[in-house]
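To start, the structure itself, in structure tokens.
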Ligand SMILES: Nc1nc2c(ncn2[C@@H]2O[C@H](COP(=O)(O)OP(=O)(O)OP(=O)(O)O)[C@@H](O)[C@H]2O)c(=O)[nH]1
Ligand SMILES: [Mg+2]
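Numbering (the numbering used here), first residue to last: 801 to 1054.
Okay, structure coming up:
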């Protein structure tokens, strides 16, 4: 079964896009354990499932409701992720994008609300963004039904999209710690190298859901290093590296 997940910050137009992409008979229920609406439907005329996830700013959730996205990514393996952003707020939106890209699944980055961006006289060089982020980038005005065909096209081609390979250069001490823990999680706990790396970075970043998972699954390569990661302020350093990367990427794409 092919499943495609819509992920993005709150209010970026995920549901508007979902409604344009899917048949009108979308299934609506709730996510397990929370009162957040779960919307699921088929890409029109296909058996590709599209899932509309709640909006979040980060994969490190502040509330149980926000944890839906992190848990979804932990327990499912979508064939592709459509990352919906507000094109006028890319600096903030790309923080989540990086977290998603680091997981390594094929991603299409959607600069939605492109009408607002253009109205203020801006434009991005999509090729430059694609190069820096290592994923496909496309623009939409979901409310005005523009660019939907391009998203549809890319969704149909999901099998030929390469998995994403974004490896930000974190400070050397973090890189080394990622290699160490990541290798152990891969060798001794059966995680793929990419997911092992992602888990390690999320753990270092103090993601509460991931810290719980590490405890439950006794992921000792991470648990044993907690004091070191926290004392060295790895979470702050990871955040700063991401922000610098985003600023550079956006400057180069203007
Ligand atoms: N100008 C403009 N507005 C848009 C566009 N897409 C969606 N909107 C509007 O943005 C608002 C939010 O859209 P939603 O589709 O509900 O956003 P969402 O990402 O599903 O929001 P959450 O589920 O709350 O995170 C609505 O008022 C939409 O009409 C767009 O491309 N351009
Ligand atoms: Mg929505």
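For glycine and all other residues, C-beta sits at the position ideal for the given N, C-alpha and C.
All values reported here derive from a predicted model rather than from experimental measurement.
Taking just the CA atoms, how far does residue j sit from residue i?
i, j, result
"residue 830", "residue 922", "38 Å"
"residue 1003", "residue 952", "34 Å"
"residue 824", "residue 1025", "49 Å"
"residue 998", "residue 1032", "19 Å"
"residue 992", "residue 827", "32 Å"
"residue 1030", "residue 1038", "12 Å"
"residue 947", "residue 1048", "27 Å"
"residue 836", "residue 943", "23 Å"
"residue 945", "residue 976", "46 Å"
"residue 821", "residue 1050", "28 Å"
"residue 941", "residue 813", "9 Å"
"residue 920", "residue 1021", "49 Å"
"residue 1040", "residue 972", "14 Å"
"residue 832", "residue 839", "13 Å"
"residue 899", "residue 974", "16 Å"
"residue 1005", "residue 1044", "16 Å"
"residue 978", "residue 962", "23 Å"
Check the C-beta distance from residue i over to residue j and give it rounded, since I have them as a contact under 8 Å.
i, j, result
"residue 865", "residue 888", "At roughly 25 Å, the Cβ-Cβ gap does not stay under 8 Å, so residue 865 and residue 888 are not in contact."
"residue 1091", "residue 966", "This structure leaves residue 1091 out entirely; the chain is present only between 801 and 1054."
"residue 1023", "residue 1000", "With 8 Å as the limit, residue 1023 and residue 1000 do not qualify as a contact, their Cβ atoms being about 12 Å apart."
"residue 907", "residue 849", "Going by Cβ atoms, the distance from residue 907 to residue 849 rounds to 17 Å, so no, they are not a contact pair."
"residue 989", "residue 968", "Wrong, their Cβ atoms sit about 23 Å apart, outside the cutoff."
"residue 881", "residue 905", "6 Å"
"residue 869", "residue 807", "6 Å"
"residue 895", "residue 1042", "6 Å"
"residue 936", "residue 954", "6 Å"
"residue 872", "residue 1053", "Actually they do not touch by this definition, with Cβ atoms about 29 Å apart."
"residue 855", "residue 819", "With 8 Å as the limit, residue 855 and residue 819 do not qualify as a contact, their Cβ atoms being about 15 Å apart."
If you check the beta carbons only, do residue i and residue j fall under 9 Å apart?
i, j, result
"residue 933", "residue 897", "yes"
"residue 847", "residue 815", "no"
"residue 950", "residue 939", "yes"
"residue 892", "residue 809", "yes"
"residue 1046", "residue 890", "yes"
"residue 996", "residue 1014", "no"
"residue 1055", "residue 860", "The requested residue 1055 is not part of the displayed model; the chain covers only 801 to 1054."
"residue 994", "residue 903", "yes"
Give the DSSP bridge partners of residue i, in chain order.
i, result
"residue 841", "850"
"residue 927", "In DSSP, residue 927 forms no bridge with anything."
"residue 939", "911"
"residue 946", "941"
"residue 968", "Residue 968 is not bridged to any residue."
"residue 1004", "Residue 1004 pairs with nothing; no bridge assigned."
"residue 885", "911"
"residue 804", "850, 880"
"residue 829", "838"
"residue 822", "843"
So is the beta-carbon of residue i under 8 Å away from any non-hydrogen atom of ligand 3?
i, result
"residue 943", "The ligand content of the structure shown is limited to ligand 1 and ligand 2, which means ligand 3 is not among them."
Cβ contact (3+ pairs, closer than 8 Å) linking the region 905 to 916 and the region 838 to 846: no
The region 871 to 878 / the region 924 to 931 touching (three or more Cβ pairs under 8 Å): no
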